[in-house]
Structure formats: structure tokens, C-alpha cells
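A.B. asks: In the working numbering, the protein residues as written are 117 to 199. Note that beta-carbon positions come from the ideal geometry of N, C-alpha and C, so glycine has one too. Note that the structure is a prediction, hence the values are computed from the model and not measured. One structure, as C-alpha cells, below. Some questions next.
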């Protein structure tokens, strides 16, 4: 083992209360499941998505199911002018 390597923690802190998590592509697939996991641990979510209708629906669903704060920004990370 290299001298500058540190041991990794055995477990990540499961409590995300009072922490903001930013997720891109949070309306479907891996992004959506990631948002659900963080919401289940109490995180405040900021989703960056392309579709407003889906963003509204996902945030509302996460608020209702987990009682967390959720907001979104519209943007397409594949378009430099959106950033």
C-alpha cells in the first residue's frame, strides 16, 4: 500500500439531514433511483433535468413519500449554453 493512501471508511454516513444533494438526470433510471435513495435518508434534493413536467412530478412524489425538500433546475448538460 502506498504511503499516502488512507483506509476507506467501512460505511458511509447514512444521515443526510441538513445536507444538499445535487443530482443530474433525476427523472428516470439511475438518477431517479439515486434521488430516491438520498431522499430516504433525509437529504434536500436539487435535481437538474431537461423536462419540466417530469421534474415537477418526481419532486412532488419524493416530497410526499419521504417528506423531503426537493427542487429542480432545467438544463441539458450536453449543451454548454445551458450551463
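Give a yes or no on whether the C-beta atoms belonging to residue 157 and residue 131 are separated by under 8 Å.
C.D. replies: yes
A.B. asks: Closest by CA to residue 133, which one among 195, 139 and 185?
C.D. replies: Nearest option by C-alpha distance: 185.
A.B. asks: So residue 162 packs on residue 189, CB below 8 Å; how close in whole Å?
C.D. replies: 7 Å
A.B. asks: Given residue 167, which residues of its chain have a CB within under 7 Å of its CB, disregarding the five upstream and five downstream residues?
C.D. replies: 143
A.B. asks: Taking the CB atoms as reference points, tell me whether residue 159 and residue 138 lie closer together than 8 Å.
C.D. replies: The Cβ-Cβ distance between residue 159 and residue 138 does not fall below 8 Å.
A.B. asks: Mapping DSSP to helix, strand and coil, what is residue 136?
C.D. replies: strand
A.B. asks: Bridge partners of residue 163, per DSSP?
C.D. replies: 139 and 188
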